[in-house]
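Student: Here's a structure for you.
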Amino acid sequence: MSMQSVASPAITLNPPKRNLLAHIPGDEGWPVIGRTLAILADPKGEVERMAAKYGPVYRSRVLGETSISVLGPEANELVLFDQTKLFSSTHGWETILGRLFPRGLMLLDFDEHRLHRRALSVAFKSGPMKSYLAALDAGILERVTRWRQTPGPMPASVTPIRQPWPGTQMARGVKGRKRIVAYFSEQIPIRRAKGGEDLFSQLCRATHEDGALLSTQDIVDHMSFLMMAAHDTLTSSLTSFVGALAAHPEWQVKLRDEVSSLGVAAGAPTTFDNLEAMPLSEMAFKEAMRMKPPVPSIPRRATRDFNFGGYAIPTGTFVAVNPLFTHHMPEIWPEPEKFDPMRFTDAAQRGRHRFAWVPFGGGAHMCLGLHFAYMQAKCFARHFLQNLSVSLEPGYTPDWQMWPIPKPRDGLRVTLKPIG
Ligand code: HEM
Numbered sequence: 050m051s052m053q054s055v056a057s058p059a060i061t062l063n064p065p066k067r068n069l070l071a072h073i074p075g076d077e078g079w080p081v082i083g084r085t086l087a088i089l090a091d092p093k094g095e096v097e098r099m100a101a102k103y104g105p106v107y108r109s110r111v112l113g114e115t116s117i118s119v120l121g122p123e124a125n126e127l128v129l130f131d132q133t134k135l136f137s138s139t140h141g142w143e144t145i146l147g148r149l150f151p152r153g154l155m156l157l158d159f160d161e162h163r164l165h166r167r168a169l170s171v172a173f174k175s176g177p178m179k180s181y182l183a184a185l186d187a188g189i190l191e192r193v194t195r196w197r198q199t200p201g202p203m204p205a206s207v208t209p210i211r212q213p214w215p216g217t218q219m220a221r222g223v224k225g226r227k228r229i230v231a232y233f234s235e236q237i238p239i240r241r242a243k244g245g246e247d248l249f250s251q252l253c254r255a256t257h258e259d260g261a262l263l264s265t266q267d268i269v270d271h272m273s274f275l276m277m278a279a280h281d282t283l284t285s286s287l288t289s290f291v292g293a294l295a296a297h298p299e300w301q302v303k304l305r306d307e308v309s310s311l312g313v314a315a316g317a318p319t320t321f322d323n324l325e326a327m328p329l330s331e332m333a334f335k336e337a338m339r340m341k342p343p344v345p346s347i348p349r350r351a352t353r354d355f356n357f358g359g360y361a362i363p364t365g366t367f368v369a370v371n372p373l374f375t376h377h378m379p380e381i382w383p384e385p386e387k388f389d390p391m392r393f394t395d396a397a398q399r400g401r402h403r404f405a406w407v408p409f410g411g412g413a414h415m416c417l418g419l420h421f422a423y424m425q426a427k428c429f430a431r432h433f434l435q436n437l438s439v440s441l442e443p444g445y446t447p448d449w450q451m452w453p454i455p456k457p458r459d460g461l462r463v464t465l466k467p468i469g
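Using the working numbering, the letters of the sequence shown correspond one by one to residues 50 to 469.
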């Protein structure tokens with residue numbers, strides 16, 4: 050079975066004529082720029098204001114296109130779970146990431162997506178994960194001992210200027226992609242010959258169902274996408290996690306006790322069993338991602354006409370769900386601005402809609418690196434808390450830029466003190 054014969058035919062999905070969306074309440078802002086600047090300035094406030102004024106299904110205009118936001122757990126379930134191929138991820142993400150990450154897994158659809166996801170899954174099985182843990186563990190320990198971190202954002206994806214004109218962020222993004230493509234292309238034959246247990250080497254050996262290796266271009270596209278999907282999301286979530294711990298010394302104490310109870314000497318390797326024995330750290334990490342989901346909104350494009358919330362929405366419409374909004378709905382999350390990891394006890398989680406907390410998405414495109422993310426976060430928590438205490442400077446409140454990926458505008462000014 051060749052890839053060609055089973056790949057879903059490329060579908061063309063043109064945005065509907067604007068008058069076909071006019072019945073949906075909303076505000077498209079200024080000519081040309083629409084509401085792009087408002088959403089860039091304050092994505093949470095913008096969505097909350099629009100929702101308060103127009104309801105949970107509203108019309109806006111961002112990055113040159115009329116879009117429909119659908120808000121809340123039911124909307125998340127409809128769009129993300131999507132068992133009837135009603136929503137294209139390719140044609141949702143392409144406006145934002147198409148130029149920088151073409152044919153990344155998240156940018157593939159339906160049958161073709163399923164085949165590639167299956168091929169990539171070998172790199173996330175427990176054998177390879179153990180070798181990643183060993184490498185991560187050593188790297189994190191080294192970093193924690195000489196802590197200096199500046200989160201790495203990816204501003205090119207939502208820069209208002211979408212063409213790579215000289216001097217623009219998009220031009221820098223496109224140039225960066227060229228470099229990464231050249232590096233991966235050159236490395237593939239080397240890794241194939243040498244072997245190795247790292248994720249890149251795993252992909253170099255990964256095969257489709259017929260036993261054929263992934264093509265060079267496929268590996269380059271998947272690796273390039275993974276650099277963003279894995280790196281920027283974890284940089285963001287671990288920064289929120291550290292910020293939350295700094296603001297909540299009582300939680301630092303609780304998590305440090307959890308780490309102490311592992312009975313592992315500082316500097317000793319972290320095992321999978323250690324990570325299993327860190328439920329409070331996991332809950333605190335989940336709460337940090339509730340407050341600042343690394344992917345604050347998730348775009349799709351409708352492949353057919355559909356109805357939601359009493360509105361008819363036509364084929365081709367750009368539809369966005371919004372984890373950031375859902376994670377702060379007071380009817381689901383009382384006192385949404387309060388950091389409270391106890392929201393993630395097993396009992397509390399069972400009592401909520403399964404799409405009320407969606408930092409990793411859901412359905413066919415649900416984050417493939419979810420276990421990798423928990424592994425890295427808990428490994429980090431273990432070394433960080435065993436070595437350091439963290440506090441905010443007196444009187445300082447971090448100022449977060451929430452889009453495209455949450456990051457503190459000033460790099461998060463915290464004070465670290467060695468402990469032990
Ligand atoms: C806290 C960390 C992370 C968060 C919050 C996160 C979030 C997400 C979300 C929301 C999606 C789905 C987007 C959509 O439905 O359109 C996604 C997809 C994906 N993520 Fe993650 N991610 C994280 C870490 C990672 C890591 C560490 C890796 C790899 C090592 C990874 C690999 C992927 C891949 C390959 C996809 C595409 C899956 C598909 O389309 O089938 N992510 N991630």
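For each residue, glycine too, the CB sits at the ideal point set by N, CA and C.
With I117 and I60 assumed to form a contact (beta carbons below 8 Å), what rounded beta-carbon distance in angstroms separates them?
Tutor: So it is not a contact: roughly 19 Å between Cβ atoms.
Student: Please check the pair F130 and G411, which I expect to be a contact at CB under 8 Å, by giving their CB distance rounded to whole angstroms.
Tutor: Going by Cβ atoms, the distance from F130 to G411 rounds to 6 Å, so yes, they are a contact pair.
Student: Count the other CB atoms within 10 Å of the CB of P298; is the residue buried (16 or more) or exposed (fewer)?
Tutor: Result: exposed.
Student: What are the complete alpha helix (DSSP H) segments, minimum 4 residues, inside the region 399-440?
Tutor: 419-436, all fully within the region 399-440.
Student: In this structure, does DSSP put Q450 in helix, strand or coil?
Tutor: Reduced to three states, the DSSP call for Q450 is strand.
Student: Going by the C-beta, is I268 closer than 7 Å to any heavy atom of the ligand HEM?
Tutor: I268: no, Cβ never under 7 Å from the ligand HEM.
Student: Apart from the five residues just before and just after K427, which ones in its own chain have a Cβ nearer than 6 Å to its Cβ?
Tutor: Around K427: L324, M327, S330.
Student: Give the DSSP-derived three-state secondary structure of K331 in the structure shown.
Tutor: Looking at the sequence itself, residue 331 is Glu, so the reference to Lys does not match. Note: E331 maps to helix in three-state DSSP.
Student: Taking L465 as part of the beta strand (DSSP E), name the residues at either end of that continuous run.
Tutor: Its beta strand (DSSP E) spans residues 463-467.
Student: Does E95 pass the burial test, meaning 16 or more other C-beta atoms within 10 Å, or should it be called exposed?
Tutor: Under this definition E95 is a buried residue.
Student: To the nearest angstrom, how far is it from the Cα of Y181 to the Cα of D247?
Tutor: Spanning the two alpha carbons is a distance of roughly 6 Å.
Student: Comparing C-alpha positions only, which one of A71, I362, M277, R339 sits nearest to G225?
Tutor: Checked all of A71, I362, M277, R339; the closest Cα to G225 is M277.
Student: Can you check the region 238-296 for any alpha helix (DSSP H) of at least 4 residues that lies completely inside it and give the ranges in chain order?
Tutor: Runs found: 248-254, 265-275, 282-296.
Student: When the distance is taken between beta carbons, is F367 closer than 8 Å to R339?
Tutor: Cβ distance not < 8 Å, so R339 and F367 don't count as in contact.
Student: Between P408 and the ligand HEM, is there a pair consisting of the residue's CB and a ligand heavy atom that are separated by less than 7 Å?
Tutor: Yes, since a heavy atom of the ligand HEM falls inside the 7 Å radius drawn around the Cβ of P408.
Student: Taking DSSP as the reference, what is the three-state secondary structure of I73?
Tutor: Coil.
Student: When we look at the beta-carbon of F374 and count the other beta-carbons within 10 Å, is it buried (16 or more) or exposed?
Tutor: When all chains shown are included, F374 counts as buried.
Student: Would you tell me roughly how many angstroms separate the C-alpha atoms of N63 and A184, rounded to the nearest one?
Tutor: Cα to Cα, the separation comes out at about 45 Å.
Student: Which of helix, strand or coil does DSSP assign to V119?
Tutor: Of the three classes helix, strand and coil, the one that applies to V119 here is strand, per DSSP.
Student: Between which two residues does the beta strand (DSSP E) containing F357 stretch?
Tutor: Where F357 is concerned, the enclosing beta strand (DSSP E) stretches over 355-357.
Student: Going straight from the alpha carbon of A361 to that of S273, what length do you get?
Tutor: The alpha-carbon atoms of A361 and S273 are separated by roughly 37 Å.
Student: Go ahead and label D395 buried or exposed: buried means 16 or more other beta carbons lie within 10 angstroms of its beta carbon, across all protein chains shown.
Tutor: The residue in question, D395, is exposed, as its Cβ has fewer than 16 Cβ neighbours within 10 Å.
Student: Checking 8 Å against the spacing of the C-beta atoms, do Q251 and A172 come in under that value?
Tutor: Yes; because the gap between Cβ atoms is below 8 Å, this pair is in contact.
Student: Hey, would you say the C-beta of H402 is under 7 Å away from at least one heavy atom of the ligand HEM?
Tutor: No, since every heavy atom of the ligand HEM falls outside the 7 Å radius drawn around the Cβ of H402.
Student: In this structure, how does DSSP classify G83 when only helix, strand and coil are distinguished?
Tutor: Three-state DSSP puts G83 in a strand.
Student: If you measure between the beta carbons of M156 and S170, is that distance less than 8 Å?
Tutor: In the sequence as presented, Met is not what sits at residue 156; that position holds Leu. The answer is no: Cβ separation not under 8 Å.
Student: Just to confirm, are I88 and W452 a CB contact at a threshold of 8 Å?
Tutor: Yes, Cβ-Cβ distance for I88 and W452 is below 8 Å.
Student: Along the beta strand (DSSP E) that carries A351, what are the first and last residues, could you check?
Tutor: Where A351 is concerned, the enclosing beta strand (DSSP E) stretches over 347-351.
Student: Within 10 Å of its beta-carbon, does M391 have 16 or more other beta-carbons around it, so buried, or fewer, so exposed?
Tutor: By the neighbour-count rule (16 or more Cβ atoms within 10 Å), M391 is not buried but exposed.
Student: Against chain E, with Cβ distances strictly below 8 Å, would D448 count as a contact?
Tutor: Of the chains in the structure shown, none is chain E; there is only one protein chain.
Student: Answer yes or no: do V111 and V119 have a C-beta to C-beta separation smaller than 8 Å?
Tutor: No, the Cβ-Cβ distance between V111 and V119 is not below 8 Å.
Student: From P92 to I82, what distance separates their C-alpha atoms?
Tutor: If I take the Cα positions, the gap works out to 15 Å.
Student: Taking the alpha carbon of Y232 as the reference point, which residue from G153, D259, D270, K179 has its own alpha carbon closest?
Tutor: The residue with the shortest Cα to Cα distance from Y232 is D270.
Student: Between which residues of its own chain and E143 is the CB-CB distance below 6 Å, once the five residues before and five after are set aside?
Tutor: Result list for E143: empty, nothing under 6 Å.
Student: Rounded to whole angstroms, what is the Cα-Cα separation between G365 and G216?
Tutor: Rounded to the nearest angstrom, the two C-alpha atoms are 33 Å apart.
Student: Is it buried or exposed, M415, if we count other Cβ atoms within 10 angstroms and call 16 or more buried?
Tutor: Exposed, because fewer than 16 other Cβ atoms sit within 10 Å of the Cβ of M415.
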